[in-house]
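See below for the structure under consideration.
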Amino acid sequence: MAQAMEKGRVIELLEYYKDIDGEVSIYRKIISDLTDQYYNPIGAIQCDGLPKGKNNISRQTENMALNIPDYVSGEIREYEAKVQQLQDLKAQILQEVSRLKLKEKRIIFDFYMHNLKWEQVAVRNSYSERQCKNIRDTALETLSQRFEKNQIISQFQRIA
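Under our numbering, the first residue of the sequence shown carries the number 75, and numbering increases by one thereafter.
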(Lines of atoms letter the chains of each structure in order from A and count residues from 1; the text may use other names and numbers.)
(Lines give C-alpha, C1' and ligand atoms only; values in the text may rest on other atoms or scores of the structure.)
Protein backbone atom coordinates (compact mmCIF):
# COMPACT_ATOMS: atom_id res chain seq x y z
CA MET A 1 0.00 0.00 0.00
CA ALA A 2 1.25 3.50 -0.82
CA GLN A 3 2.45 5.69 1.98
CA ALA A 4 -0.23 8.06 3.24
CA MET A 5 0.24 11.75 3.94
CA GLU A 6 0.35 12.75 7.60
CA LYS A 7 -3.03 13.55 9.11
CA GLY A 8 -1.79 16.94 10.34
CA ARG A 9 -0.72 17.91 6.83
CA VAL A 10 -4.15 16.94 5.46
CA ILE A 11 -5.85 19.10 8.09
CA GLU A 12 -3.47 21.97 7.31
CA LEU A 13 -4.35 21.78 3.60
CA LEU A 14 -8.09 21.60 4.30
CA GLU A 15 -7.88 24.64 6.58
CA TYR A 16 -5.75 26.48 4.02
CA TYR A 17 -8.41 25.83 1.33
CA LYS A 18 -10.63 28.68 2.51
CA ASP A 19 -7.67 31.14 2.49
CA ILE A 20 -6.60 30.42 -1.08
CA ASP A 21 -8.99 32.95 -2.67
CA GLY A 22 -7.65 35.71 -0.40
CA GLU A 23 -4.06 34.89 -1.30
CA VAL A 24 -4.91 34.83 -5.00
CA SER A 25 -6.54 38.26 -4.76
CA ILE A 26 -3.48 39.66 -2.94
CA TYR A 27 -1.14 38.32 -5.63
CA ARG A 28 -3.38 39.70 -8.38
CA LYS A 29 -3.37 43.10 -6.67
CA ILE A 30 0.45 43.03 -6.55
CA ILE A 31 0.56 42.10 -10.25
CA SER A 32 -1.87 44.92 -11.03
CA ASP A 33 0.19 47.43 -9.03
CA LEU A 34 3.43 46.42 -10.75
CA THR A 35 1.76 46.52 -14.15
CA ASP A 36 0.29 49.98 -13.49
CA GLN A 37 3.57 51.29 -12.16
CA TYR A 38 5.85 50.06 -14.93
CA TYR A 39 3.62 49.44 -17.94
CA ASN A 40 1.64 52.67 -17.82
CA PRO A 41 1.75 54.27 -21.29
CA ILE A 42 0.98 57.78 -19.98
CA GLY A 43 4.57 58.24 -18.82
CA ALA A 44 5.89 57.32 -22.24
CA ILE A 45 3.91 59.84 -24.30
CA GLN A 46 6.17 62.35 -25.95
CA CYS A 47 5.41 65.98 -25.26
CA ASP A 48 7.23 68.62 -27.25
CA GLY A 49 5.54 71.51 -25.45
CA LEU A 50 3.64 72.76 -28.46
CA PRO A 51 -0.16 72.80 -28.68
CA LYS A 52 -0.09 70.64 -31.79
CA GLY A 53 2.31 67.81 -32.42
CA LYS A 54 5.11 68.20 -34.96
CA ASN A 55 4.58 64.89 -36.74
CA ASN A 56 6.55 62.99 -34.10
CA ILE A 57 5.55 59.38 -34.31
CA SER A 58 5.03 58.14 -30.77
CA ARG A 59 6.94 55.07 -29.70
CA GLN A 60 5.04 54.48 -26.46
CA THR A 61 5.43 50.72 -26.31
CA GLU A 62 9.13 50.84 -27.11
CA ASN A 63 9.76 53.55 -24.52
CA MET A 64 7.81 51.59 -21.91
CA ALA A 65 9.74 48.39 -22.63
CA LEU A 66 13.07 50.19 -22.37
CA ASN A 67 12.19 51.79 -19.04
CA ILE A 68 11.16 48.59 -17.25
CA PRO A 69 13.74 47.08 -14.90
CA ASP A 70 14.57 43.44 -15.68
CA TYR A 71 13.52 42.17 -12.26
CA VAL A 72 9.96 43.53 -12.62
CA SER A 73 8.92 41.30 -15.49
CA GLY A 74 10.42 38.32 -13.65
CA GLU A 75 8.57 39.30 -10.49
CA ILE A 76 5.28 39.55 -12.38
CA ARG A 77 5.86 36.09 -13.90
CA GLU A 78 6.58 34.67 -10.42
CA TYR A 79 3.36 36.08 -9.00
CA GLU A 80 1.38 34.78 -11.97
CA ALA A 81 2.90 31.33 -11.40
CA LYS A 82 1.93 31.49 -7.70
CA VAL A 83 -1.64 32.40 -8.65
CA GLN A 84 -1.81 29.46 -11.06
CA GLN A 85 -0.33 27.10 -8.47
CA LEU A 86 -2.88 28.16 -5.84
CA GLN A 87 -5.79 27.82 -8.27
CA ASP A 88 -4.60 24.33 -9.24
CA LEU A 89 -4.24 23.38 -5.57
CA LYS A 90 -7.76 24.57 -4.75
CA ALA A 91 -9.23 22.66 -7.69
CA GLN A 92 -7.41 19.45 -6.73
CA ILE A 93 -8.42 19.66 -3.05
CA LEU A 94 -12.04 20.19 -4.10
CA GLN A 95 -11.83 17.26 -6.51
CA GLU A 96 -10.40 14.89 -3.89
CA VAL A 97 -12.92 15.94 -1.22
CA SER A 98 -15.74 15.55 -3.75
CA ARG A 99 -14.73 11.90 -4.27
CA LEU A 100 -15.50 11.04 -0.62
CA LYS A 101 -18.68 9.30 0.49
CA LEU A 102 -21.61 11.68 0.92
CA LYS A 103 -21.64 11.74 4.73
CA GLU A 104 -17.85 12.21 4.88
CA LYS A 105 -18.01 14.94 2.26
CA ARG A 106 -20.71 16.82 4.17
CA ILE A 107 -18.77 16.68 7.44
CA ILE A 108 -15.50 17.83 5.80
CA PHE A 109 -17.20 20.67 3.91
CA ASP A 110 -19.10 21.89 6.96
CA PHE A 111 -16.19 21.76 9.40
CA TYR A 112 -13.22 22.79 7.27
CA MET A 113 -14.59 24.74 4.32
CA HIS A 114 -17.64 26.39 5.87
CA ASN A 115 -15.84 26.79 9.22
CA LEU A 116 -18.77 25.58 11.35
CA LYS A 117 -18.36 24.43 14.95
CA TRP A 118 -18.88 20.75 15.85
CA GLU A 119 -22.28 21.49 17.40
CA GLN A 120 -23.45 23.12 14.17
CA VAL A 121 -22.03 20.30 12.05
CA ALA A 122 -23.83 17.73 14.22
CA VAL A 123 -27.20 19.52 13.98
CA ARG A 124 -26.85 20.15 10.27
CA ASN A 125 -26.03 16.49 9.50
CA SER A 126 -28.27 14.82 12.12
CA TYR A 127 -25.41 13.04 13.90
CA SER A 128 -23.97 13.42 17.37
CA GLU A 129 -20.74 15.38 17.75
CA ARG A 130 -18.85 12.17 18.50
CA GLN A 131 -20.21 10.50 15.34
CA CYS A 132 -19.24 13.55 13.29
CA LYS A 133 -15.68 13.41 14.64
CA ASN A 134 -15.49 9.68 13.88
CA ILE A 135 -16.75 10.29 10.33
CA ARG A 136 -14.19 13.10 9.98
CA ASP A 137 -11.39 10.77 11.13
CA THR A 138 -12.40 8.18 8.53
CA ALA A 139 -12.54 10.87 5.84
CA LEU A 140 -9.10 12.18 6.84
CA GLU A 141 -7.63 8.69 6.51
CA THR A 142 -9.07 8.41 3.01
CA LEU A 143 -7.93 11.92 2.09
CA SER A 144 -4.41 11.30 3.39
CA GLN A 145 -4.00 8.46 0.88
CA ARG A 146 -5.58 10.42 -1.96
CA PHE A 147 -3.63 13.61 -1.24
CA GLU A 148 -0.37 11.64 -1.25
CA LYS A 149 -1.20 10.16 -4.67
CA ASN A 150 -2.18 13.57 -6.08
CA GLN A 151 0.97 15.14 -7.48
CA ILE A 152 -0.18 18.78 -7.20
CA ILE A 153 -1.30 18.43 -3.58
CA SER A 154 1.60 16.30 -2.36
CA GLN A 155 4.23 18.63 -3.85
CA PHE A 156 2.64 21.88 -2.65
CA GLN A 157 4.77 23.86 -0.22
CA ARG A 158 3.09 26.74 1.53
CA ILE A 159 5.10 29.93 1.51
CA ALA A 160 5.26 31.93 4.77
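We treat Cβ as the ideally placed atom computed from N, Cα and C, and that holds for glycine.
The structure displayed is predicted, hence computed values, not measured ones.
Range covered by the alpha helix (DSSP H) that runs through residue i
| i | result |
| --- | --- |
| Gln169 | Asp144 to Ser172 |
| Gln205 | Glu203 to Lys223 |
| Leu88 | Lys81 to Tyr91 |
| Arg180 | Leu176 to Ile182 |
| Asn189 | No alpha helix (DSSP H) holds Asn189; DSSP gives it neither H nor E. |
| Ile233 | First-last for Ile233: undefined, no H or E at that position. |
| Ser99 | Ile94 to Tyr112 |
7 Å Cβ shell around residue i - same chain, five flanking residues per side excluded
| i | result |
| --- | --- |
| Ala78 | Ser218, Gln219 and Glu222 |
| Gln159 | none |
| Lys179 | Val171 and Ser172 |
| Ile105 | Ile150, Tyr153 and Glu154 |
| Lys81 | Leu214 and Ser218 |
Within 8 Å, strictly: CB atoms of residue i and residue j
| i | j | result |
| --- | --- | --- |
| Glu154 | Leu108 | no |
| Glu203 | Ala213 | no |
| Ile182 | Leu88 | yes |
| Ile227 | Gln161 | no |
| Phe24 | Leu174 | No statement about residue 24 is possible, as the shown extent of the chain runs from 75 to 234 and does not include it. |
| Val146 | Tyr112 | yes |
Sequence-distant residues of its chain with Cβ nearer than 6 Å to residue i (five each side left out)
| i | result |
| --- | --- |
| Val157 | Val98 and Tyr101 |
8 Å Cβ shell around residue i - same chain, five flanking residues per side excluded
| i | result |
| --- | --- |
| Asp184 | Leu190, Gln194, Val195, Arg198 and Asn199 |
| Val84 | Leu214, Leu217, Ser218 and Phe221 |
Indicate whether the contact test is met: 3 or more Cβ pairs, each with one atom in the segment 213–221 and one in the segment 170–190, closer than 8 Å. Enough Cβ pairs lie closer than 8 Å, so yes.
Validate contact between the segment 187–197 and the segment 82–96 using beta carbons, cut 8 Å, 3 pairs: Here the segment 187–197 makes contact with the segment 82–96; the two share three or more CB pairs at distances below 8 Å.
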